[in-house]
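Number of protein chains: 2
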Amino acid sequence: MNKFQDLYNKERIKIDKKIINVFKGRKPASLYEPAAYIMVNPGKRLRPFIVLACAKAVGGKFSDAYNAAVAAELLHNFTLVHDDIMDNADKRRGLLTLHKRYDLSTAILVGDSLLAIAYEYILKDISPKQKHVVGLFTRGLVEVCEGQSLDKVFETREHVTLEEYLEMIKKKTALLVEMCCSIGAHLGGGSKSQIKALESYGLNLGIAFQIQDDLLDITAQEAEFGKVIGGDLIEGKKTYLFLKALQKSEGQNKKKLMQVVLNKGIQPDEVSAYRQIYEDLGVLTDAGNEIEKYTAKSLKALKTIPDKKNRELLEWLAFSLIKRTK
Amino acid sequence: MNKFQDLYNKERIKIDKKIINVFKGRKPASLYEPAAYIMVNPGKRLRPFIVLACAKAVGGKFSDAYNAAVAAELLHNFTLVHDDIMDNADKRRGLLTLHKRYDLSTAILVGDSLLAIAYEYILKDISPKQKHVVGLFTRGLVEVCEGQSLDKVFETREHVTLEEYLEMIKKKTALLVEMCCSIGAHLGGGSKSQIKALESYGLNLGIAFQIQDDLLDITAQEAEFGKVIGGDLIEGKKTYLFLKALQKSEGQNKKKLMQVVLNKGIQPDEVSAYRQIYEDLGVLTDAGNEIEKYTAKSLKALKTIPDKKNRELLEWLAFSLIKRTK
Chain V
1 MNKFQDLYNK ERIKIDKKII NVFKGRKPAS LYEPAAYIMV NPGKRLRPFI VLACAKAVGG
61 KFSDAYNAAV AAELLHNFTL VHDDIMDNAD KRRGLLTLHK RYDLSTAILV GDSLLAIAYE
121 YILKDISPKQ KHVVGLFTRG LVEVCEGQSL DKVFETREHV TLEEYLEMIK KKTALLVEMC
181 CSIGAHLGGG SKSQIKALES YGLNLGIAFQ IQDDLLDITA QEAEFGKVIG GDLIEGKKTY
241 LFLKALQKSE GQNKKKLMQV VLNKGIQPDE VSAYRQIYED LGVLTDAGNE IEKYTAKSLK
301 ALKTIPDKKN RELLEWLAFS LIKRTK
Chain Z
1 MNKFQDLYNK ERIKIDKKII NVFKGRKPAS LYEPAAYIMV NPGKRLRPFI VLACAKAVGG
61 KFSDAYNAAV AAELLHNFTL VHDDIMDNAD KRRGLLTLHK RYDLSTAILV GDSLLAIAYE
121 YILKDISPKQ KHVVGLFTRG LVEVCEGQSL DKVFETREHV TLEEYLEMIK KKTALLVEMC
181 CSIGAHLGGG SKSQIKALES YGLNLGIAFQ IQDDLLDITA QEAEFGKVIG GDLIEGKKTY
241 LFLKALQKSE GQNKKKLMQV VLNKGIQPDE VSAYRQIYED LGVLTDAGNE IEKYTAKSLK
301 ALKTIPDKKN RELLEWLAFS LIKRTK
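Residue numbers (our numbering), protein chains in the order written: chain V, 1 to 326; chain Z, 1 to 326.
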């Protein structure tokens with residue numbers, strides 16, 4: 001599988017370079033220095049790579065979609081910057097969040113600008129006939145706002161079902177991955193059925209990715225993860241793990257879990273006790289199974305891409321996401 | 001001039017109805033109820049009307065541009081919602097601002113959604129050949145973010161020149177009015193020279209409009225204005241009036257004006273004393289002259305529209321903006 005990792009690494013460097021160029025020569029510095037601070041970093045660049053890989057999967061070239069790939073990363077970072085304000089998060093990828101490093105106004109405005117420039121870039125790659133690609137981008141944006149709104153509502157609501165949670169992460173995370181696939185497939189000149197297959201790949205991969213994110217929050221190594229371990233519990237977030245644990249628990253465990261809801265989070269020194277509850281209830285395994293289920297769905301969707309060589313890269317990507325540690 | 005006022009009133013009602021429809025059937029309510037709260041109100045609807053009037057001025061129909069008009073109003077309200085957070089403003093058009101009525105997260109997210117839906121609407125009115133209209137819209141968005149960033153920087157910077165102020169309001173306000181004109185003219189099927197003329201009309205009208213806004217902050221009647229009188233002074237904003245006063249003042253007056261900068265604003269009971277300084281220095285008259293100068297420029301640009309009947313509406317609009325009281 002090493003050749004795919006090499007390709008990913010190579011393209012990630014290219015994307016990084018393009019992102020540096022996004023901010024060159026822009027003024028005022030009060031806006032674009034903080035924007036570059038958050039964008040020019042060793043991020044995974046997963047979404048732009050998916051855009052490129054999907055353009056290729058339908059027989060197109062990476063070069064059909066570089067600007068759209070940059071647009072996808074800008075859109076993603078817009079959501080991170082604004083979400084970090086709403087979550088009052090201190091750190092992101094090991095760095096201070098924008099509103100902590102600068103101030104609230106700067107963070108709001110940088111988020112807005114990243115979105116604005118994202119549109120600049122998505123417009124670069126489309127031909128006059130491809131107006132609908134801007135429509136796909138806009139739909140992704142609308143969905144991600146709706147998903148984030150649900151996420152905030154769930155924070156203060158006492159009862160949230162696993163189904164509601166899945167609907168929320170679909171909107172907040174998975175539909176943006178679907179969008180990346182769809183845009184890449186459109187720009188690569190894919191057929192309707194190819195586009196549909198890749199959209200399904202993206203949607204299911206996105207759900208798997210988010211559940212994996214919930215799992216890593218408690219199982220990752222802090223230095224590697226770049227965030228505080230157990231942060232979701234500390235903030236009282238209703239993640240897959242938490243809702244599944246609540247569903248399975250009884251007696252003392254249920255009481256302890258309900259305290260997270262009522263107290264809107266726990267203290268950092270309580271994280272290990274809650275991790276033990278998760279382990280006792282088997283929800284870490286449940287999450288792993290769920291991740292595999294959605295990954296399998298995404299791989300199944302790929303089967304309609306006839307050329308094996310074209311789908312290999314996306315297959316590798318899905319497998320490596322299951323194995324990620326950050 | 002009454003027939004133009006009647007037309008404006010009629011179109012304003014139509015725009016209001018279209019805006020109500022924007023939010024019908026959208027979920028979740030946690031996002032779209034606050035969005036409708038801020039959008040469904042007795043606003044001036046000036047920007048959408050300018051889009052329509054410019055479509056007509058080049059020989060097009062209002063119906064060429066209704067969705068773009070709604071998009072312009074959504075974009076404008078996106079800026080208001082986020083600006084109100086950054087300014088920590090309590091009221092807007094006599095209503096509580098979103099972050100006061102709801103919370104910070106809701107206000108950030110509603111702003112983001114209004115922008116997202118603005119793109120939905122701008123995409124509705126364009127043909128495949130009009131991709132550049134989305135580009136104009138995006139350029140307007142980028143400029144308004146840059147202008148707002150400058151505005152925030154100027155708040156804490158001790159020295160700001162009148163030229164820097166004009167550059168800031170050009171980006172923050174005037175280029176969005178220019179954008180409305182340009183989009184309306186494009187959608188109405190205007191020629192290159194017509195589009196250029198209407199862009200110049202919009203740019204200069206936008207500058208006049210913003211200086212008028214600065215002037216109304218101190219001269220308006222609170223009940224009609226919907227905001228606290230002297231709010232700019234209370235917040236220590238470096239408006240046209242303030243910078244012009246600083247430029248013209250000496251001795252005791254200069255000292256008092258510099259106190260506004262050093263103390264980052266004044267107390268509400270000091271507003272009338274500062275108004276007196278403005279009057280003594282003649283800066284209310286200066287602002288009036290400046291407004292007339294830019295309005296004259298905007299009217300001059302209109303002269304290249306050959307059909308008198310088509311430009312009458314825009315002429316009336318420019319005149320009535322000079323006379324506005326809120």
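Note that beta-carbon positions come from the ideal geometry of N, C-alpha and C, so glycine has one too.
Model, not experiment: these values are computed from the prediction.
Per DSSP, which residues does residue i bridge with? Please list them.
i	result
Leu96(Z)	Lys91(Z)
If you compare alpha carbons, which of the options is closest to residue i?
i	options	result
Thr295(Z)	Ile322(Z), Ala273(Z) and Tyr278(Z)	Ile322(Z)
Lys172(Z)	Phe319(Z), Glu163(Z), Val142(Z) and Val260(Z)	Val142(Z)
Phe137(V)	Ala118(Z), Leu136(Z) and Gln148(Z)	Ala118(Z)
Leu162(Z)	Gly202(Z), Gln247(Z) and Gly43(Z)	Gln247(Z)
Val160(Z)	Gly135(Z), Tyr240(Z) and Asp6(Z)	Tyr240(Z)
Pro306(V)	Lys297(V), Asn204(V), Ala197(V) and Lys61(V)	Ala197(V)
Ser249(Z)	Lys27(Z), Ile266(Z), Glu270(Z) and Tyr274(Z)	Tyr274(Z)
Met179(Z)	Phe209(Z), Pro28(Z), Ile234(Z) and Gly135(Z)	Gly135(Z)
Ala287(Z)	Leu74(Z), Glu312(Z), Asp213(Z) and Gln148(Z)	Asp213(Z)
Phe23(V)	Glu224(V), Leu114(V), Gly231(V) and Ile195(V)	Leu114(V)
Leu7(V)	Arg101(V), Leu281(V) and Leu313(V)	Leu313(V)
Ile38(Z)	Leu166(Z), Val81(Z), Ile234(Z) and Val177(Z)	Val81(Z)
Asn67(Z)	Asn88(Z), Val133(Z) and Lys255(Z)	Val133(Z)
Gln276(V)	Asp112(V), Thr219(V) and Phe319(V)	Thr219(V)
Lys308(V)	Val58(V), Leu205(V) and Ile211(V)	Val58(V)
Asn94(V)	Ile234(V), Phe4(V) and Gln221(V)	According to the sequence shown, residue 94(V) is Gly rather than Asn. The candidate whose alpha carbon is nearest that of Gly94(V) is Gln221(V).
Asp64(V)	Gly188(V), Leu98(V) and Cys181(V)	Gly188(V)
Glu167(V)	Gln259(V), Cys181(V) and Ile207(V)	Ile207(V)
Val283(Z)	Glu292(Z), Ser30(Z) and Ala245(Z)	Ala245(Z)
For residue i, which three-state DSSP category applies?
i	result
Glu158(Z)	coil
Tyr165(Z)	helix
Lys3(Z)	helix
Glu250(V)	coil
Tyr102(V)	coil
Thr219(V)	helix
Lys303(V)	coil
Ala65(Z)	coil
Asn310(V)	helix
Gln267(V)	coil
Asn77(Z)	helix
Lys293(Z)	helix
Asp125(Z)	coil
Asn204(V)	helix
Ile229(V)	coil
Gly189(V)	coil
Thr285(Z)	helix
Asn9(V)	helix
Arg45(Z)	coil
Gly135(Z)	helix
Met26(Z)	The residue you asked about is not Met; residue 26(Z) is Arg in the sequence shown. The answer is coil: DSSP assigns Arg26(Z) none of H, G, I, E or B.
Val261(V)	helix
Thr325(Z)	coil
Thr239(V)	coil
Gly111(V)	helix
Gly60(V)	coil
Val144(V)	helix
Val51(Z)	helix
Val40(V)	coil
Residues of chain A with a CB under 9 Å from the CB of residue i: which are they?
i	result
Asp112(V)	No chain A appears in this structure, whose protein chains are V and Z.
Could you run through the segment 56-85 of chain V and flag, in chain order, every residue whose CB is less than 7 Å away from some CB of chain Z?
-> Listed by position along the chain: His82 and Ile85.
Contact residues within the segment 134-154 of chain V, judged by C-beta distance below 7 Å to chain Z = Going along the segment 134-154 of chain V in chain order, one finds Val134, Gly135, Thr138, Leu141, Val142, Cys145, Glu146, Gln148, Ser149, Leu150, Lys152 and Val153 with a Cβ nearer than 7 Å to chain Z.
Of all the residues that make up the segment 186-210 of chain Z, which are near chain V by a beta-carbon distance shorter than 7 Å?
-> Within the segment 186-210 of chain Z, no residue has a Cβ that lies closer than 7 Å to any Cβ of chain V.
Residues of the segment 89-109 of chain V with Cβ closer than 8 Å to any Cβ of chain Z, in chain order | Shown in chain order are the members of the segment 89-109 of chain V whose Cβ falls below 8 Å from a Cβ of chain Z: Leu104, Ser105, Thr106, Ile108 and Leu109.
The segment 114-131 of chain Z: which residues have C-beta closer than 8 Å to a C-beta of chain V, in chain order?
-> If you check each beta-carbon in the segment 114-131 of chain Z against every beta-carbon of chain V, the ones closer than 8 Å belong to Leu115, Ala116, Ile117, Tyr119, Glu120, Leu123, Ile126, Pro128, Lys129 and Lys131.
What are the residues of the segment 28-39 of chain Z that lie near chain V, defined by any Cβ-Cβ distance shorter than 8 Å?
-> For the segment 28-39 of chain Z, which is checked against every Cβ of chain V, the residues closer than 8 Å are Pro28, Ser30 and Leu31.
Residues of the segment 216-249 of chain V whose Cβ lies closer than 9 Å to any Cβ of chain Z, in chain order | Answer in chain order: no residues at all.
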